[in-house]
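Numbering (this note's numbering), first residue to last: 46 to 495.
The C-beta atom is built at its ideal place from N, Cα and C for all residues, glycine as well.
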RNA sequence: GUGGCUGUAGCUCAGCUGGUUAGAGCAUCGGUUUGUGGUGCCGAGGGCCGUGGGUUCGAGUCCCAUCAGCCACCCCA
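Now the structure itself:
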């Protein structure tokens, strides 16, 4: 006998859990639909060449590779094999991989279907993704992303739409205390210029992204050691405070940053977004320390967290000006966001935000003998025709066992069938919550349970 | 990839400084005299004490290794 077990970082979902997960996904889906997005799906596997090189070096190591079928060793890179060089061996034995996110497969989809797509294209996609990360709290190897993207327009109205979507989704889920942080990739570049650090843009973003973890002192020490001078550090310090996203914040930013093309773009785009959402009263933060790891972002970037949840971001996104370029389609700008279903679930569970899951099957037919069982089968079919979910107890067991089953499964009603009921053309319907029961004909039964 | 913590029944755990046949609660199944569930009462099944080695007269308990799980770092949803 072998032990029943799952691969590390993967989970089964019980009916109770699935009902709650569905609540989250249908909420997100209905908001996406309301904003004019249509669904697509893509395969779990992509060609490895589609995935590699899109998520940075670290991302490549986190990709699950799928071993080729057949005699894969025959066509393996013999030199790499002899040298036991795993990394070099991979391309010759694995040509597929599990998708790492939904954005890159989407870019591939857009390029491949460009002649059939009408731009701007608004799609949503809710599917699992896989990462060979070491699992821990709020981190799984298989998890679901709920993405929405608009591709084929540079309009900042899209960014405004996503801010409204964030607000509606989190409010509906009961997570109205969410914090949405906004930044602009060009603002980061302008900051690098202002601080005399344009040559080490990546080092700058890596450092300031750690602000909430290692504090201002840690960040400044790191930057000083990387060669930033004291005046640069002082300037930076004025910028990194997380502030309300409003005109005042933009004015201040404009005052501190030295003139550059990037500054102009960042300020102008952020003001445009602000203008689009001003009337809604939605609040968000301008956080110039927000960097986000994925380097395909070029414009506005978003990240949403639930303060006090102990789990990192539950959603992220941003604008990418040239993600389709790598697949041969130039000058197509897109912007999108992604909700992390599993993390939202964890946060909601911890905050006790799920309502009691109700049993959707209305009634269980219980019986005393073979003829009552057959009688029940017919009645159940009549109820189903009327759209009432019902089950006939499938085995011949004592009536108290049948009731026990109904109780444990949370069926709201039990319909008892015996000789009396069959003789009179009725059933004994018992309300399991109140304990009350009454004799009803089929017609009355349907009327009662509708 | 780096570090820390933990492995005893299906689940949560107890098992004192090593000492007879390994315990509890919950869960499961059966019964409570058979046309009615929840609570109560009675009873049953279920454990190579993660795995391998070592110390010892004797190991669930001590030591080493290994595997697995959890947590943190890195990075991220």
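CA-CA distance, residue i and residue j?
| i | j | result |
| --- | --- | --- |
| residue 369 | residue 491 | 56 angstroms |
| residue 138 | residue 426 | 54 angstroms |
| residue 355 | residue 236 | 30 angstroms |
| residue 191 | residue 325 | 24 angstroms |
| residue 477 | residue 449 | 11 angstroms |
| residue 181 | residue 313 | 41 angstroms |
| residue 393 | residue 493 | 35 angstroms |
| residue 213 | residue 220 | 10 angstroms |
| residue 159 | residue 343 | 22 angstroms |
| residue 357 | residue 446 | 47 angstroms |
| residue 176 | residue 140 | 17 angstroms |
| residue 157 | residue 353 | 43 angstroms |
| residue 86 | residue 172 | 7 angstroms |
| residue 287 | residue 103 | 28 angstroms |
| residue 323 | residue 216 | 18 angstroms |
| residue 299 | residue 260 | 25 angstroms |
| residue 359 | residue 70 | 14 angstroms |
| residue 113 | residue 73 | 36 angstroms |
| residue 257 | residue 96 | 31 angstroms |
| residue 204 | residue 293 | 20 angstroms |
| residue 456 | residue 434 | 10 angstroms |
| residue 161 | residue 119 | 40 angstroms |
| residue 165 | residue 198 | 6 angstroms |
| residue 284 | residue 333 | 7 angstroms |
| residue 20 | residue 387 | Nothing about residue 20 can be reported from this structure: the residues present for the chain run from 46 to 495 only. |
| residue 117 | residue 376 | 39 angstroms |
Could you tell me the boundaries of the alpha helix (DSSP H) in which residue i lies?
| i | result |
| --- | --- |
| residue 101 | 101-106 |
| residue 231 | 230-239 |
| residue 170 | Careful: residue 170 lies outside any alpha helix (DSSP H), inside the beta strand (DSSP E) at 166-175. |
| residue 132 | 131-138 |
| residue 260 | 256-270 |
| residue 153 | 148-157 |
| residue 282 | 275-284 |
| residue 25 | Because the chain in this structure spans residues 46 to 495, residue 25 falls outside the shown range and cannot be described. |
| residue 306 | 306-322 |
Would a C-beta distance cut-off of 8 angstroms place residue i and residue j closer than the cut-off?
| i | j | result |
| --- | --- | --- |
| residue 318 | residue 195 | no |
| residue 226 | residue 147 | no |
| residue 444 | residue 411 | yes |
| residue 487 | residue 475 | no |
| residue 351 | residue 222 | yes |
| residue 77 | residue 193 | yes |
| residue 383 | residue 364 | no |
| residue 111 | residue 134 | no |
| residue 145 | residue 100 | yes |
| residue 311 | residue 254 | no |
| residue 396 | residue 211 | no |
| residue 207 | residue 362 | yes |
| residue 409 | residue 472 | no |
| residue 230 | residue 346 | yes |
| residue 451 | residue 495 | no |
| residue 250 | residue 269 | no |
| residue 264 | residue 248 | no |
| residue 315 | residue 308 | no |
Mind checking which residues open and close the beta strand (DSSP E) that includes residue i?
| i | result |
| --- | --- |
| residue 467 | Run containing residue 467: none in the beta strand (DSSP E); it sits in the alpha helix (DSSP H), 464-469. |
| residue 77 | It is not in any beta strand (DSSP E) - residue 77 instead sits in the alpha helix (DSSP H) that spans 60-79. |
| residue 346 | 345-350 |
| residue 143 | 141-143 |
| residue 455 | Run containing residue 455: none; DSSP gives neither H nor E here. |
| residue 123 | First-last for residue 123: 123-127, but that is the alpha helix (DSSP H), not the beta strand (DSSP E). |
| residue 485 | 482-485 |
Hey, out of the options, whose CA is closest to residue i's CA?
| i | options | result |
| --- | --- | --- |
| residue 513 | 203, 84, 140, 331 | The question about residue 513 has no answer here: the residues shown for the chain are numbered 46 through 495. |
| residue 105 | 82, 80, 132 | 132 |
| residue 68 | 455, 434, 402 | 402 |
| residue 416 | 437, 365, 307 | 437 |
| residue 405 | 429, 395, 385, 353 | 429 |
| residue 366 | 163, 201, 120 | 201 |
| residue 497 | 179, 441, 51 | Only positions 46 to 495 of the chain appear in the structure, and residue 497 is not among them; the question remains open. |
| residue 238 | 218, 283, 306 | 306 |
| residue 372 | 297, 149, 271 | 149 |
| residue 109 | 94, 120, 117 | 94 |
| residue 273 | 263, 241, 304 | 241 |
| residue 92 | 59, 163, 136 | 136 |
| residue 152 | 374, 483, 485 | 374 |
| residue 482 | 121, 128, 439, 461 | 461 |
| residue 320 | 296, 291, 304 | 291 |
Next on the checklist: For a minimum of 3 consecutive residues, which ranges assigned as the beta strand (DSSP E) are wholly contained in the segment 369-446?
Outcome noted: 379-385, 408-412, 435-437
Item to check | beta strand (DSSP E) runs wholly inside the segment 183-219, at least 3 long, in chain order | outcome: 187-196
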